[in-house]
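This report refers to the structure that appears directly beneath it.
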Ligand code: UD1
Ligand code: MG
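In this note's numbering, the protein residues as written are 933 to 1436.
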């Protein structure tokens, strides 16, 4: 069908009462995107002259979501049903198109190919309307397709209006249609709100099209899951599961190993190279890009991270908006925050947090460290417990450490500070002045050893204990037995001058 002939109408004005949410239904997320964005992405490749979204509930937010995707919005206020939504869309369509593909904003599993097939069936069948239907094991909640003996469609009956003979029909309406508009418009104006919700149902247009002699076809979706709506939280969870499964399947096909795939969550825009291994319970989020031959070990969460080839992320690490070059290794339990950049072969170990810092080639920070606003050269060793004191209570300050530096354990670097190439810092230093290249910086209290002090102390303690043991206890009358002893209760401190205090 030429693009100039048809428009896509996405119905997204409803509230989604059954979700019990403060958020409009189409703004809920599944598979890492809002429901309406998933639908827009499925429709866009059809090449329609225009994509129109009918918005109503939280209209401004829905509009702000779809407009950057190239979708025009029309406002349906109040929302008086799916048929009314199409009447509102009519104002935007005018005389410009012959056909409309209609898709509900709460059906995010629909695929472009399925929509294409629907349009083909519509055109070859010269139909007034073609419905995408599906056979569901549990059709409850969906409108049912009523077929005629010749297999064409006589009408759609909503769940609330089913009679006993119709209840067992398991072919349901997906709410995805292709309409010939010159046939549809005269039927829409005849819709009446004589139903359970007192709304104008688009589904009622099917019987009216029949009355006017139009042909209504129904094409059964090859994969029934594609038509699933998200009216309840349970349906939303199911749809999310299917979208996540699709993403994992695409990566498995591309040569990525995913262990226990059902436990791994991967956002739609994530890229992963071949021969990378993703262990159970990993989350890859946002625009994360992972090269080939990497290992992402269990429990790690990566968002907007860029990993070159052969990177290892050991268990339970969190990497956000950071870049890890070839052959780097982080974790277990590492936290790389925004702007961490590890150059080739650098390593970050357990309980190390890195923010807005560059670690040069082969540099290591393996234990219990915070590096923030730091620039560190190559082959430098950051000792356990090193802290860059980057915040002075007002602003963040930089730390610059050269290459081949040895930072002793438990060093505090009070920024702004510079440490030259090849310098050493003595363990336990609080560095407040720059250290020149190749120098040793020591910034701690000088140690004093007192020979024999400990042995003397032990002798004194032993002597006072034996003196106390030799003295008979002075008791004028028997002490009362303490009440029910509670081993957890701390004995009250003896009052000054009391007998017990004197006994001590
Ligand atoms: C609808 C169909 C039902 C079908 C099911 C498939 C009708 C009357 N029923 O039921 O036959 O089996 O979809 O999922 O059409 N919307 C508006 N304006 C409104 C009302 C709704 O834009 O005034 C939008 C909603 O935002 C939603 C879509 O239309 O995206 C469908 O509405 P919804 O309330 O979900 O209809 P269902 O009860 O699911
Ligand atoms: Mg629905």
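Yeah, the Cβ is synthetic: ideal placement off N, Cα and C, and Gly gets one too.
- Counting C-beta atoms within 10 angstroms of its own C-beta, residue 990 has 16 or more neighbours from the protein chains shown and is therefore classed as buried.
- Beyond the five residues adjoining it in sequence on each side, residue 1361 comes within less than 7 Å, by CB distance, of 1340, 1343, 1373, 1374, 1375, 1376 in the same chain, given in chain order.
- Taking 8 Å as the cut-off, the Cβ atoms of residue 1007 and residue 987 count as close.
- Residue 1176 and residue 1235 have their C-alpha atoms some 16 Å from each other.
- For residue 1004, the enclosing beta strand (DSSP E) begins and ends at 1004 to 1007.
- Judged by DSSP in its simplified three-state form, residue 1247 adopts coil rather than helix or strand.
- Between ligand 1 and residue 1102, a heavy atom-to-CB distance of less than 7 Å is absent.
- With a cutoff of 7 Å, residue 1012 counts as near ligand 1, since its C-beta is closer than that to a heavy atom of the ligand.
- Spatial neighbours of residue 1358 in its own chain (CB-CB distance under 6 Å, excluding positions within 5 residues in sequence) are listed in chain order as 1340, 1374.
- For residue 1281, the enclosing beta strand (DSSP E) has its first and last residue at 1279 to 1287.
- Residue environment: residue 1070 is assigned as exposed (fewer than 16 neighbouring CB atoms within 10 Å of its CB, all protein chains considered).
- Look at the beta carbons and you see the segment 1044 to 1055 not touching the segment 1113 to 1124: under three pairs across the two are nearer than 8 Å.
- Residue side-chain check: residue 1153 keeps its Cβ at 7 Å or more from all non-hydrogen atoms of ligand 1.
- In this structure, residue 1163 has its CB closer than 7 Å to one or more heavy atoms of ligand 2.
- The count of Cβ pairs closer than 8 Å, one atom from the segment 1032 to 1042 and one from the segment 1104 to 1116, reaches three, so the stretches are in contact.
- Within the model, the alpha-carbon separation for residue 1233 versus residue 1251 is close to 6 Å.
- Residue 1181 and residue 1086 have their alpha carbons spaced roughly 39 Å apart.
- A Cβ-Cβ contact shorter than 8 Å links residue 1278 with residue 1294.
- Shortest gap from the CB of residue 1038 to any heavy atom of ligand 2: under 7 Å.
- By the Cβ neighbour-count rule, residue 1145 is exposed, with fewer than 16 other Cβ atoms within 10 Å of its own.
- Around the beta carbon of residue 985, 16 or more other beta carbons sit within 10 angstroms, so the residue counts as buried.
- Note on residue 1036: 16 or more other CB atoms within 10 angstroms of its CB, so buried under the neighbour-count rule.
- Cβ neighbours of residue 1214 within its own chain (closer than 6 Å, five residues either side excluded): 1196, 1228, 1232.
- The segment 1083 to 1102 and the segment 1135 to 1153 touch, with no fewer than 3 CB-CB distances between them shorter than 8 Å.
- In terms of side-chain proximity, the C-beta atom of residue 1135 is found nearer than 7 Å to a non-hydrogen atom of ligand 1.
- Around the CB of residue 1274, 16 or more other CB atoms lie within 10 Å, so the residue is classed as buried.
- Contact check for residue 994 against residue 983 fails: the beta carbons are separated by 8 Å or more.
- The residue among 1211, 1198, 1188, 1354 with its C-alpha nearest the C-alpha of residue 1205 is 1188.
- Looking at 1336, 1363, 1129, 1313, the one whose alpha-carbon comes closest to that of residue 1320 is 1363.
- Distance from the CA of residue 1219 to the CA of residue 1200, rounded to the nearest whole angstrom, comes to 8 Å.
- In the displayed model, residue 995 falls within a helix according to three-state DSSP.
- Beyond the five residues adjoining it in sequence on each side, residue 1240 comes within less than 7 Å, by CB distance, of 1223, 1256, 1257, 1258 in the same chain, given in chain order.
- Short of 8 Å from the beta carbon of residue 933, and not among the five residues preceding or following it, lie these beta carbons of its own chain, in chain order: 1031, 1051, 1055.
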